[in-house]
Structures are given as structure tokens and as C-alpha cells.
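Protein chains in written order, with my numbering: chain A, 90 to 307; chain B, -13 to 57; chain C, 3 to 282; chain D, 199 to 399. For every residue, glycine included, the Cβ atom is placed at its ideal position computed from N, Cα and C.
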Amino acid sequence: MNEIGGIPLFYLEFGDIVAYFSPFTLALFLLALVFSVFVIVSRPERQIDIAFGADAFFAKDISLAELRFRRFMAIACGLACMGAMVTGDVFDFTLFVSLVGICNVGIVAAVKNHHVQDAAYQYGLVALAGTVPLFSAAAIVVTTTGSLSMLELASPGAPAVPLIARALLVLGVMGEGMAPFYAAKAEMFRAPGAPYVIMCSLSSLLIFLRVTEVVLLL
Amino acid sequence: MTPATQKSRALAIAVVSALAGITATALTLAGALPPHADAAVLVIAFPAFVLGLYLYWMAREGEADIPFVGY
Amino acid sequence: MIAELLFGTFFGLLLLGIHRKVIARIQRRPGPPVWQEILHMLKFSFKTTWVPATASAALFVGVVLVAIGIWTAALAVVLSGGSLLIVFAVYMLHKIVEHGFGLSSGSPYGKFGGVRSVISAASEIPLFVSVAGIALFTRSLIISDIVAYQEVHGPLLLTVPLAGLAMYLVLLSKMPFGPFSIVESKELVSGYKTEHFGVWRAGLEVCNGLKTYVLLTTFLLVFVGTMPFLFLLVGMLVLVVSLSFVCALCPMLSPYDSVTVQTIIAGLMLAYVSILVVVS
Amino acid sequence: MAWNEYSFGLLVVFLAALVGFLALARERDDLHKLLLVDLVEVASIAVIALLGTDLAEALILPGLVVGIAELLALSQLFIAKEGIAGVPARGLNIEVVQKSPATVIIPGFLVVYGIILSGFTGGGVAALGLVFYFMSHRFLGDFHVLELASGISWALWVAAFFVFMFAPEFWFLALMGAAVGILLKVITKISLVGVMWGEPQ
């Protein structure tokens, strides 16, 4: 079960931390990149709301200050995603995942809508609680095997990673915005600003896809 | 941008991406290029080709019809 | 690969047309001709096209390119026998595409379609169940390895029938007019596709054709194994007709019920795969 | 599975986390939830600390930074959500504290000792002195200078790590750079807490 996402195409070494690009992680990395580019180049849409009980509608505009802040957070989210996609280190992965959680809160936090802010707050609490299993998983991995490198752990003859570490890793990622914890997140998508809001759902999907690979690899 | 330049630009996109895709596939069949390079080219070229071609043959050069203004 | 790409698009659209025809016949309507979806795609491509004033222009156009691009990539992976995980990643990312289609225009109908696609996130969990089920037996997720395994041990559909069922449900939740297609239900006009007209809609149709072709091919390759090309096409036809029966006989669920049913299925599937893990 | 010290430690920490999560599930007030989440967060730091080697220290620091960043973001969001921004704060208005020379001597001693210690710990000690100083003497100057100093020293710290990575032969230079960088960074960052304590109305 070594080449889950295909044979790695190339390795990028930072000291003992190795980022690797297999077809799977490369595809996910490129997707995060493409959507980050969308965030940079596209202006937010003007959401149309229908006024109930009347034959009228109005368009919501996003102020420049709000746009700048949210664009920044969305780009940061894209960068954190790209990091989580290619890193070959379990602890780095958990750090990037929790960074994605913060950025997701940040993307919608600037919206002046009570429902959105409340949803973002509740989501933030879940994401913050999600860092507990994440960091615990990484700590258990390094204590039981003596290594955090996915490549070393995946190589034949490496000590087995306990099931609880994998389970905690998946649980932590689910806390960052997958079913069944996405309930608070769905409400966040009310917010206008499509390119930024899409980054929220894209990032949690990407980290979930990556964690599947990581868990199968370990 | 005038409709005519838009039209020719769409055609240019379609032709360039079609040529890129055909070249990549031909080179792969000839064995000069690995298959995943062909796939990488097509992933970019095929959507560009589809939209370029459609935008090309959708675009009108002349005056548009008088729009329907309601009953 | 160009030939496969074009064939996949048109054949996928033909299958969608057959899907509509079968549904119509079950419901005792004459129904459109089977090549209707191909005509649809061509018809939309000739229509006047622009970008709505409220839309986020780059995303509005870009998401069409992404939609076609990711399924082209998925086709390439299936053809070259690459990692099954990539195909499933593309399947999940299609949700982002739907979300992007819906949100980028600013229309409330599109927005609700997009939000519905996000809340039906539980529909993906059966996917991971089938992945886990396959991985337990074949010890690999590379499609060519899975095909090779089946040549020795017989079709996986007989070995892990419930994983096959999970994948079948996944196919079902992406078929139009099905019980779970709340993202394009009629009270939202056309759901997430409402505001993409003309050429953009034609691009979406190309994506739909390709998507149908890729998903059905994946199902047949992974659960039945390798077969002659003609048999593959017949197998896809049989699958589509069976899906059409389900779609024609089940009413579309309300969003709440759809999510509930999908969550229940996901829970059952998770229980199944944990039993598999314990047994093996 | 053999039960050793590590397993027992893990069990205790998980029990603590479980208690925290139970409290979290019962709590209905948003602010209290935030505080409880912070409490639960401590458990995850404890799991890392159970590693019991130098590596644990290296892992706790980023974990703590990310946790605190989330906490700060959420508290900011809470303030915005509840509309409680702009509530005036008062400083420590105690005459003895403001006039006594001890409030200069003790911070001075702590800062010098901190600089001698250097590194993260030294930064913490020196910062404690500065916090005390700023809390007792109202600081009316420009925060931006402090923030600037903090940012530049952070960049120095990061640059030192690049030297470690790409030019290991200059390790001594990098070590000194990192030590001074983290010292200044921690001093300035934490002393901001003392500054923020009270602003004149």
C-alpha cells in the first residue's frame, strides 16, 4: 500500500522536512492554486436578494475595506491549503489544517451580517476544538514511531502507526469542516463574495481528500 | 473591444488550444512525450478549445437584432 | 487521447439522453429523442452570450473551464490506470464546481442551488466506504492494479457487493432527475445552472457528458474489471437504464429528507466497512 | 499492549480533554464556550509534552502559536458579533505604584537578567519586567514603534533559520541571530500586553 496517490514525481527538501508531489497531491495543489488565482483576479459578485412580500429586489455591495480583508484571508487560506497538500510531515500537516480553520473564520468574519458572524463563531469553536485531536494525533505518531515523516512511515519496515492516531487525525480534519460538523459552516455560505466563500468549502474538501491519502499511507 | 476582434480572439484561442492538444497527442503516439504530459496539456487545452470554439461561432459580426422590449 | 475525450463527451451526452428517454417511457410520456442532450449542448453554444452585470466575471467564466478541466483530468487518470483516489477527488471537487456555478452569478436561485450542493456533503461518505472496501481486498488503489486483481480473483462486485452498492448510490446522487438531485430542483428554476446561459451552459453540458462517461467507466473498471470496448459501452448502457428506473420511480426528496437519507446511508456504510476491517 | 508511563499519561490527558469536551457540550454561553475551548486546547499541548524530549518543545511552540491565533481571532469575532467594541478601559490608577522607584528597579533588573539569559526564556523574563513597567507607568507613546521592532526581530529569527537550512557552516552566526531575534520579539510582543492594559479615556 505504498503508492496511494501514484508514484511521487519529485521531492522538495527543506532540511529534513520533505514536500513531495505525487499525481494526487499535485492535482490537489494545482486546484488550490487555480482557485487562489481566482480569488486574486476576480471581483466579488453583487448578490441579489429578493424582498419578500414586495415586487422588489436589492443588490448587496461589498465595501473596498471588507473586500481587501477578505481577499487577504482567502489568499492566506489558499496558501495554507497548498501547504497542507504537499507537505510530507504529519505535524506540518496538522498545523496547516488548523491554519485553514483560522482562515475560514477570517474569510467570513468581516461580513456585517449577524447570522454569518454567529455561524463563523460557532464554526471557529468547532475548528479550535478540532486542533486537539489533530495535535494529539501528530504527537502520538512521533512518540510511537519516532518519526513525523510520511515518507519514512510509509516505507516498508517502518513501525506501525497506532490506529488511534489515524482516527484522531481524521476526527480533527472532520472538525475543520466536514460532515457532520459542517452544519455551522453551511450557514457561512450565506455571505456574499463568491470567490472567497468558495475558498472555505474548497479548503475543507481538499484537506479531507489529503487526510484520506495520509491515513492510508501511514 | 469590437465584436469582430472578440470573435477573432475566440477563434485564436480555439485554434491555438486545438493545435496544442493535437501536437501533444501526436507526440505521445509517436513516443516522444510521456502520456501524463499529454494529459496535462489536454486538461488546459480542452476547456479552452470548447469555450473558444463556441464563443467563436456564437459571436455575430454585424448589428444585433432589435431586442425584444416587452408587450 | 483526443479521440477518447471527444467520444467520451458525446457518448456521455447520448447516455444522458437515453436516461431522459427511459424515464419518459416509464412515466408513459413520449420523451425527447435520445440525442436530445447532444442537440442541447450544440443549441446552447449558438445562443447569444455575455456575463451578467452582477456576476463575479473571472469566477463566472473560470468555473466552466475548471469543470471541463477536472473531468478531462479524471478521464486521463482512468485511461492510464492511475490512482482511484484522484478520480474520487475529482468527484468531490465537482461539488466545488457546482458551488462556484451557483454563487458566482449573484442570483438567489443559483445561490440556493450552490448551498444545497454543500449541505449534501454526506453523499460523499459512501465513496470512501467503497474506496476502503476495495483497498482492503486489493491492497492498492491504482486502477491498473485493481483490474489486475480482478483478472485473478474475479469481479469485485461479487467480492464486496456492498461497496459496489455504495458506489452505485454515489452515481445515483449525481444523475439528473434522481431522488437526490436537490441542487437542480425545479423550485430553484434550474438550481446552480440557472444563470449560466449560452456558451457557458454548453460548456457545462460538455462537462456533464464527460462526467457521466468517466463515472460509469470507473464503476465498470473497478467493480467488473477489464472487458472489450463494445462490452464496456453495453455495460454503461445497462447501468444507465437501471439508474433511470430508480430515478423514474423515486420522487425527488426535499432537501432536508435528502440529507437525512444520505446521512443514514453513510452511517450504515461506515458500519459495514468497520465490520469489514474487523473481519479481515 | 504494554502499559507504561506514556500510556498512563495519555490516559490522564485524554480524560482531562474528555471532561473539557463534556463541559463544552453542556455550556450554552458563547464566551464561556470560548474559554472552555481554550482549556481543552491545553490538553493537546499536554499530549505533545508527553513526548518528553527536546522535540516536544519544538512542536509545542507552533502548536501554541496556532492555538493562540485561533483564540485571538475568535475573541475578535466575538467582540464584533456582540457589538461590544469601544468600551473604555481604565489603567491601574494606584498612587504608590505610579510613584515608587521599585517599579523602575524591578523591571530594570528583569530586563538585564532576561538579556543575559537570551532566547525564548530570556525574552519571557525581560517581557515580564516591561509589562510591569508599562502597567505601572502609563505609556502614552506610539505602539507602532514596538510593533515595528517586534516585526523586524521576527524577520531576523526567520532569516537565522534560513541560514541554518542553506548555509549550516555559519551556524554560530545563525544561533546568535535567532537568540537575539526571539529575545526582542518576545519582549516587544508581550510588553504590548502591558501597554494595552490601560489607555487614557
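- When the alpha-carbon of Met43 of chain C is set against those of C:Gly205, C:Val226, C:Ser256 and C:Ala273, the nearest one is in C:Gly205.
- Sorting C:Leu67, C:Gly269, C:Phe225 and C:Ala75 by C-alpha distance to the C-alpha of Glu153 of chain C places C:Phe225 at the top.
- Contact between Val175 of chain A and Phe110 of chain A holds, with the beta-carbon distance rounding to 6 angstroms and staying under 8 angstroms.
- The beta carbon of Ser242 of chain D falls within 8 angstroms of a beta carbon belonging to chain A, placing the residue at that interface.
- Under the DSSP assignment, Tyr194 of chain C falls outside any beta strand (DSSP E); it carries neither an H nor an E label.
- Spatial neighbours of Ala169 of chain A in its own chain (CB-CB distance under 7 angstroms, excluding positions within 5 residues in sequence) are listed in chain order as Phe185, Leu188, Val189 and Cys192.
- For Val107 of chain A, the enclosing beta strand (DSSP E) begins and ends at Ile106 to Phe110.
- Between Ala283 of chain A and Ala278 of chain D, the gap from beta carbon to beta carbon reaches 8 angstroms or more.
- In the displayed model, Phe103 of chain A falls within a strand according to three-state DSSP.
- Chain C places a beta carbon closer than 8 angstroms to that of Val286 of chain A, counting this residue as a contact.
- Counting along the chain, the unbroken beta strand (DSSP E) around Ile137 of chain A starts and ends at Ile137 to Ala140.
- Between Leu15 of chain C and Gly211 of chain C, the C-beta spacing is below 8 angstroms.
- Among the CB atoms of chain C, one or more fall inside 8 angstroms of the CB of Glu302 of chain A.
- Boundaries of the beta strand (DSSP E) harbouring Phe147 of chain A: Ala145 to Ala148, taken from the DSSP string.
- Contact check between the segment 148 to 157 of chain A and the segment 74 to 93 of chain C: fewer than three CB pairs, one atom from each, fall below 8 angstroms, which does not count as touching.
- Taking a C-beta distance under 8 angstroms as the contact criterion, Lys23 of chain C and Gly10 of chain C do not qualify as a contact pair.
- For Glu367 of chain D, there is no enclosing alpha helix (DSSP H), as DSSP marks it with neither H nor E.
- When secondary structure is reduced to three states using DSSP, Ile144 of chain C falls in the strand class.
- Shown here for Ser85 of chain C: same chain residues with a beta carbon closer than 6 angstroms to its own, the five before and five after excluded, namely Leu143 and Ile144 in chain order.
- Met94 of chain C places its beta carbon 8 angstroms or farther from that of Ala168 of chain C.
- Collapsing the DSSP output to three states places Ser183 of chain C in coil.
- In terms of Cβ geometry, Ser(-6) of chain B and Ala34 of chain B do not form a close pair [threshold 8 angstroms].
- Contacts between Leu117 of chain A and chain C, judged by CB atoms closer than 8 angstroms, involve Ala91 in chain order.
- In terms of beta-carbon proximity, Ala60 of chain C stays away from the interface with chain B, with every pair separated by 8 angstroms or more.
- The C-alpha of Trp352 of chain D is placed about 12 angstroms away from the C-alpha of Gly317 of chain D.
- At a cut-off of 8 angstroms between beta-carbon atoms, Leu278 of chain C makes no contact with chain A.
- In this structure, Phe224 of chain A lies away from Val262 of chain A, with their beta-carbon atoms at least 8 angstroms apart.
- Straight-line spacing of the CA atoms in Ile127 of chain C and Ala268 of chain C works out to 6 angstroms.
- For Thr56 of chain C, the neighbours in chain A by C-beta distance under 7 angstroms run, in chain order, Glu134, Arg135, Ile137 and Ala148.
- Residues of chain A with a Cβ closer than 9 angstroms to the Cβ of Ile277 of chain D do not exist; the shortest Cβ-Cβ separation is about 11 angstroms.
- Non-local beta-carbon contacts of Leu(-3) of chain B in its own chain, meaning distances under 6 angstroms to residues more than five positions away in sequence, involve Tyr42 in chain order.
- For Tyr210 of chain A, the residues of chain D that pass the 8 angstroms Cβ criterion are Asp228, Leu272, Leu275, Phe276 and Lys279, in the order they occur in the chain.
- For Ile70 of chain C, the enclosing alpha helix (DSSP H) stretches over residues Ala59 to Ser82.
- With the rule of 3 Cβ pairs closer than 8 angstroms, the segment 233 to 252 of chain A does not count as touching the segment 156 to 172 of chain A.
- For the segment 12 to 26 of chain B, the residues whose beta carbon sits under 8 angstroms from a beta carbon of chain C are, in order, Thr14, Pro21, His22, Asp24 and Ala25.
- Considered as a whole, the segment 227 to 254 of chain D harbours 228 to 247 as its complete alpha helix (DSSP H) runs of no fewer than 4 residues, in chain order.
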